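Heads up, the sequence shown is in UniProt numbering, so the first residue is 1 and it goes up one at a time.
For glycine and all other residues, C-beta sits at the position ideal for the given N, C-alpha and C.
A quick note: this is a predicted structure, and the numbers were derived from the prediction, not measured.
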Amino acid sequence: MTLEGDYKYTLEALFATAVRFNLPVAVWRLPDTAEIKLCVSLRGVQTLATVPQLEGGLSGFAFYPFQVTHTNPAAFINADITFSSLSSKLKFNFKLNENPEYVALVKRLQDYFLKIKNTRPATTWHVNRHALPAETNKTDFMAVVTKAIQAIEAGIFEKVVLSRAKAYPLETDFNVLQGFCQLQDKYKNAFVSLVSIPEVGTWMGASPEILVQINNKKVFKTVALAGTQPLPPETNPAKARWGQKEIEEQSMVERYILNCFKSIRLREYVEAGPRTVVAGNLMHLRTDFTVDMNQVPFPKLGSDMLMLLHPTSAVCGMPKEPATNFIYQHEGYDRSYYSGFLGPVQVDGESHIFVNLRCLQLFEDLALLYAGAGITAESEPEKEWQETKLKMETIRGIMVKKTK
């Protein structure tokens, strides 16, 4: 697929310009929408000590890891320059006379942008120079799943989410913006993103899971999404049958959210679900929770819930502390930004934060894909391995070479 519309070369040229001048850039499309947005920071990436303020303050794009470390900082891309595919207009969100240090930089950006706008720019991206993590083979993954089941039976925790990463070679003519647009075309109901930061690297994904959302009417939303099964051809998702393992796994995520509400003494919420939803080649169970912030005395509900929720039981486990400790002791690699969170903050008056799932990290000639599976007492190691394979297929098929 190629980009279509008047914004075709503008979007590619903006991304290429940001990379050329070593600037952080994010491109995204919200679920069930047609508008592609982009933001570029002129001041480099900003690192925040805590979660971003979703109800006001800085406007930009948040990109947070599973666990903040010196190698995986909590990154924020300020929306100094923004672009929308609907308007095809570039917007400068600052005044040059108030930021004289930007004058020369903006002039260089504009000159380079105009130079490449009507051509196919080089498809380069920021590459994280850290060594690739060791891949987890099937035998080792299944052995860790078995240990997790034994820990559950011993009463250490109820659930733990175990993940793995696998590298695949990229096509020699791979175009990063074309890859993004293939994802957003194929996965209409997912949050599709492309984030490229000099200090962090370049990540792309199609996430099905809302973590925290606040729209321009001040309606808060979060979801419990868990339980996985393949989507067979010509299957009606509304008639999907779910086993006890998947039902209980999803119920744990629901309870986790409700406990977060309880901890801040919030009672005024609306719960809808669970229902079956489709995410690429998979089906999941989902329950929606909404709160009208105009009707409750919680002006920072989004930010407070984001701090409480991350990492959710859908990517970590329950209870959180023993599940997290098990992950660090046995998973065997650094998740980095996989199962962290990302999304626009106070862009057009709205904040949309998603869990970083169904994602990959781009290196010079390969893509590192990530996937996880929720382990409960009813888990079977072979099935959990197959679940991670299915999740990787969500983006592998259109992003990388077809290999066994």
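Between the CA atoms of residue j and residue i - distance to the nearest angstrom
| i | j | result |
| --- | --- | --- |
| Thr69 | Gly332 | 17 Å |
| Asn259 | Met252 | 10 Å |
| Gln295 | Leu14 | 41 Å |
| Asn118 | Met399 | 25 Å |
| Thr10 | Leu225 | 36 Å |
| Val200 | Gln244 | 40 Å |
| Glu378 | Asp304 | 33 Å |
| Thr2 | Ser85 | Residue confidence for Thr2 is low, a pLDDT of 38 falling below 50, so the modelled location carries little weight; the figure read from the coordinates is stated next. Thr2 and Ser85: Cα-Cα distance of roughly 14 Å. |
| Glu158 | Glu382 | 20 Å |
| Gly5 | Leu90 | Only weak support exists for where Gly5 lies, its pLDDT of 48 falling under 50; the coordinates are left without a value. |
| Ser351 | Lys147 | 39 Å |
| Leu285 | Ile395 | 20 Å |
| Asn22 | Val195 | 13 Å |
| Val270 | Phe261 | 12 Å |
| Lys150 | Ile375 | Looking at the sequence itself, residue 150 is Gln, so the reference to Lys does not match. Straight-line Cα distance between these residues: approximately 11 Å. |
| Ile397 | Trp385 | First, the residue type needs correcting, since residue 397 is Gly and not Ile in the sequence shown. Their Cα atoms are separated by approximately 18 Å. |
| Met204 | Asp185 | 14 Å |
| Leu132 | Phe66 | 17 Å |
| Trp242 | Tyr337 | 30 Å |
| Cys359 | Ile81 | 25 Å |
| Phe363 | Ala143 | 29 Å |
| Glu206 | Gly280 | A small fix is needed here, since residue 206 is Ala in this sequence, not Glu. So the two alpha carbons sit approximately 9 Å from each other. |
| Phe298 | Lys107 | 44 Å |
| Lys166 | Asn99 | 44 Å |
| Thr235 | Met283 | 10 Å |
| Leu390 | Pro230 | 8 Å |
| Tyr328 | Gln53 | 28 Å |
| Pro233 | Val278 | 12 Å |
| Ala371 | Arg120 | 33 Å |
| Phe180 | Glu209 | 18 Å |
| Gly273 | Glu254 | 10 Å |
| Arg275 | Tyr168 | 34 Å |
| Leu342 | Lys115 | 32 Å |
| Phe354 | Ala62 | 10 Å |
Residue from the options with nearest C-alpha to residue i
| i | options | result |
| --- | --- | --- |
| Leu170 | Lys117, Gly372, Gly374 and Gln361 | Gln361 |
| Lys37 | Val27, Arg43, Gln46 and Val45 | Val27 |
| Asp173 | Ser163, Lys389, Tyr112 and Asp365 | Asp365 |
| Gly60 | Gly397, Asp348, Gln67 and Thr202 | Asp348 |
| Asn93 | Arg43, Phe63, Ala75 and Arg129 | Arg43 |
| Gly340 | Leu211, Pro237 and Arg164 | Leu211 |
| Ala314 | Glu268, Thr235, Arg267 and Ile257 | Ile257 |
| Val223 | His330, Pro73, Glu393 and Phe289 | Phe289 |
| Leu369 | Asp292, Pro237, Glu135 and Glu380 | Glu135 |
| Thr124 | Asn72, Asn175 and Ser263 | Asn175 |
| Phe326 | Asn356, Thr47 and Ile152 | Ile152 |
| Leu301 | Val219, Ser163 and Ala34 | Val219 |
6 Å Cβ shell around residue i - same chain, five flanking residues per side excluded
| i | result |
| --- | --- |
| Glu246 | Gly227 |
| Pro24 | Ser41, Val45, Ile77 and Ile197 |
| Leu308 | Cys260 |
| Ala323 | Phe157, Val160, Cys316 and Gly317 |
| Asn216 | Gly349 and Glu350 |
| Glu12 | Pro121 and Leu177 |
Beta bridge counterpart(s) of residue i as assigned by DSSP
| i | result |
| --- | --- |
| Met307 | BP columns for Met307 are empty, so no partner. |
| Glu350 | Val347 |
| Leu301 | Partner(s): none; Leu301 has no beta bridge. |
| Thr290 | Lys221 and Val270 |
| Gly179 | Answer is none; Gly179 lacks a bridge partner. |
| Lys37 | Trp28 and Ser84 |
| Arg275 | Arg286 |
| Arg164 | Ala371 |
| Cys359 | Gly205 |
| Ala62 | Phe76 and Gly343 |
| Leu366 | Pro169 |
| Thr47 | Ala75 |
| Met318 | Lys159 |
Chain-order list of residues whose beta-carbon lies under 7 Å from that of residue i (same chain, five-residue window excluded)
| i | result |
| --- | --- |
| Glu387 | Thr228 and Ala373 |
| Arg20 | Tyr112 |
| Leu30 | Phe191 and His352 |
| Leu109 | Thr17 and Phe21 |
| His330 | Val144 and Lys147 |
Neighbourhood of residue i by C-beta distance below 8 Å, restricted to the same chain and skipping five residues each side
| i | result |
| --- | --- |
| Asp140 | Gly332 |
| Pro319 | Phe157 and Glu158 |
Min CB distance residue i to chain C below 7 Å
| i | result |
| --- | --- |
| Gly57 | Absent from the structure: chain C. Only one protein chain is present. |
In chain order, what are the residue ranges of uninterrupted beta strand (DSSP E) at least 3 long that sit wholly in the segment 189-251? 191-197, 201-207, 210-214 and 219-230
Which runs of the beta strand (DSSP E) at least 3 residues long sit entirely within the segment 84-163? Give them in chain order. 89-92
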